[in-house]
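These notes concern the structure reproduced below.
Residue numbers (the working numbering): 2 to 364.
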């Protein structure tokens with residue numbers, strides 16, 4: 002008993018440290034973005050008024066390096082990145098997107114800092130939208146480099162914060178078109194999945210990219226399964242960070258017979274088991290019966306009292322959207338169908354509504 006109390010006390014101390022450390026890191030990030038915003042806005046105004054040209058920006062970079070050699074990250078290229086950052090997100094078009102989704106709050110600086118800024122910057126500068134503070138400067142640069150639509154930019158800002166993505170993970174999410182894959186996933190989910198887990202369409206992709214497996218030509222399901230197991234870290238990152246791998250070829254005993262689930266995961270956010278069945282062929286309606294049987298067995302024999310109903314995912318090489326729709330219409334279980342791609346295939350980005358994604362919690 003005393004050990005439990007002591008352990009609880011230790012955990013509270015750690016929580017205090019973690020809380021303030023997180024706040025400190027957030028403050029550093031906020032200051033970096035304020036610098037980028039204000040410097041970008043200042044230089045933008047000078048360029049717009051034709052007071053400065055490209056050569057002056059180069060001179061500014063050299064001046065800053067000479068003035069304070071400890072200053073890093075103010076190359077000519079980075080200064081133009083700051084200009085792009087300011088001009089993109091202070092533009093009326095982006096403001097209209099924020100207004101559309103009621104995300105038009107701005108981060109207000111303390112009054113003494115605001116007054117000082119007015120003395121330093123002798124013109125009216127747009128305030129930085131609060132939503133930009135959700136991710137760091139490096140991630141912002143990746144989004145600005147890769148996204149052309151304001152809706153895309155907003156999606157990846159929210160998605161990167163929600164999934165706690167590092168810049169390389171964000172880069173992959175953009176490359177694999179998570180924007181379209183997540184916002185279009187509802188069509189590949191059963192009504193039971195959407196009713197049981199209303200946020201599921203914002204958590205699961207309808208397409209997974211498995212180029213890291215090196216698959217090509219014809220191959221058996223066993224090769225696909227073994228490749229995923231060998232590259233489990235990459236596979237989980239492709240699925241989402243809330244997935245925890247539990248077992249491969251997970252055994253289920255029902256009626257004196259033994260059955261195997263290809264891959265078994267646990268989803269921390271939804272607090273449920275997730276069974277994944279792999280198919281190296283096009284989706285067939287008959288696959289659903291097997292998956293639903295596995296889910297029933299999991300819920301009857303392994304689901305704990307504090308856990309939610311199990312989810313089943315069929316990961317197929319191909320899936321006809323209309324066939325999937327018909328098959329899922331009668332499914333009484335939380336199931337979904339997803340396709341996998343053997344390599345990254347450039348796809349034209351389609352514009353989708355962000356209402357559901359934005360309405361979901363992003364803490």
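Ideal Cβ positions, reconstructed from N, Cα and C, are used throughout, including at glycine. Please read these numbers as outputs of a predicted model, since none were measured by experiment.
Can you grab the Cα-Cα spacing for the pair residue i / residue j, in whole Å?
i, j, result
"residue 314", "residue 336", "6 Å"
"residue 91", "residue 179", "25 Å"
"residue 242", "residue 164", "7 Å"
"residue 301", "residue 256", "13 Å"
"residue 383", "residue 42", "Not covered by the structure: residue 383. The range shown for the chain is 2 to 364."
"residue 131", "residue 153", "17 Å"
"residue 18", "residue 9", "14 Å"
"residue 233", "residue 279", "14 Å"
"residue 214", "residue 224", "10 Å"
"residue 309", "residue 181", "28 Å"
"residue 177", "residue 147", "12 Å"
"residue 135", "residue 162", "6 Å"
"residue 229", "residue 222", "11 Å"
"residue 3", "residue 11", "12 Å"
"residue 47", "residue 150", "26 Å"
"residue 1", "residue 235", "Not covered by the structure: residue 1. The range shown for the chain is 2 to 364."
"residue 140", "residue 66", "24 Å"
"residue 338", "residue 64", "57 Å"
"residue 28", "residue 207", "36 Å"
"residue 13", "residue 25", "18 Å"
"residue 7", "residue 205", "40 Å"
"residue 68", "residue 54", "21 Å"
"residue 23", "residue 268", "24 Å"
"residue 307", "residue 20", "28 Å"
"residue 372", "residue 175", "The structure shown has nothing for residue 372, since the chain only spans 2 to 364."
"residue 173", "residue 5", "43 Å"
"residue 321", "residue 73", "52 Å"
"residue 75", "residue 93", "27 Å"
Would you call the CB atoms of residue i and residue j closer than 8 Å?
i, j, result
"residue 31", "residue 126", "no"
"residue 37", "residue 86", "yes"
"residue 143", "residue 184", "no"
"residue 219", "residue 138", "no"
"residue 294", "residue 266", "no"
"residue 84", "residue 45", "yes"
"residue 211", "residue 340", "no"
"residue 283", "residue 264", "no"
"residue 193", "residue 71", "no"
"residue 271", "residue 198", "yes"
"residue 262", "residue 251", "yes"
"residue 281", "residue 318", "yes"
"residue 244", "residue 129", "no"
"residue 145", "residue 89", "yes"
Short of 7 Å in beta carbon distance, which residues of its chain neighbour residue i, apart from the five on each side in sequence? Order them along the chain.
i, result
"residue 61", "80"
"residue 328", "286, 289"
"residue 217", "343"
Who are the near neighbours of residue i in its chain, counting only those whose CB is closer than 6 Å to its CB and skipping five residues on each side?
i, result
"residue 239", "209"
"residue 253", "260, 298"
"residue 58", "77, 80"
Would residue i count as contacting chain B if we go by Cβ distances under 8 Å?
i, result
"residue 230", "Given the protein chain composition of this structure (a single chain), no chain B is represented."
Using a Cβ-Cβ cutoff of less than 8 Å, which residues in the same chain neighbour residue i once the five nearest sequence positions on both sides are dropped?
i, result
"residue 258", "none"
"residue 195", "187, 201, 202"
"residue 326", "188"
"residue 99", "105, 130, 132, 155"
"residue 332", "191, 192, 193, 289, 293"
"residue 296", "276, 310, 311, 312, 313, 334, 335, 336"
Task: Whole runs of the beta strand (DSSP E) within the region 229 to 270, excluding any shorter than 3 residues - done: 244 to 255, 258 to 268
TODO: Report yes or no: do the region 155 to 167 and the region 185 to 201 share at least 3 C-beta pairs separated by less than 8 Å?
DONE: no
Open item on the list: Count Cβ pairs between the region 268 to 279 and the region 305 to 325 that sit closer than 8 Å; are there 3 or more?
Closed with: yes
TODO: Counting only runs of 4+ residues fully inside the region 42 to 78, write out the alpha helix (DSSP H) ranges in chain order.
DONE: 55 to 68
Task: Runs of alpha helix (DSSP H) lying entirely within the region 289 to 314, each at least 4 residues, in chain order - done: none
Open item on the list: If we require 3 or more residues per run, which beta strand (DSSP E) segments fall completely within the region 143 to 185?
Closed with: none
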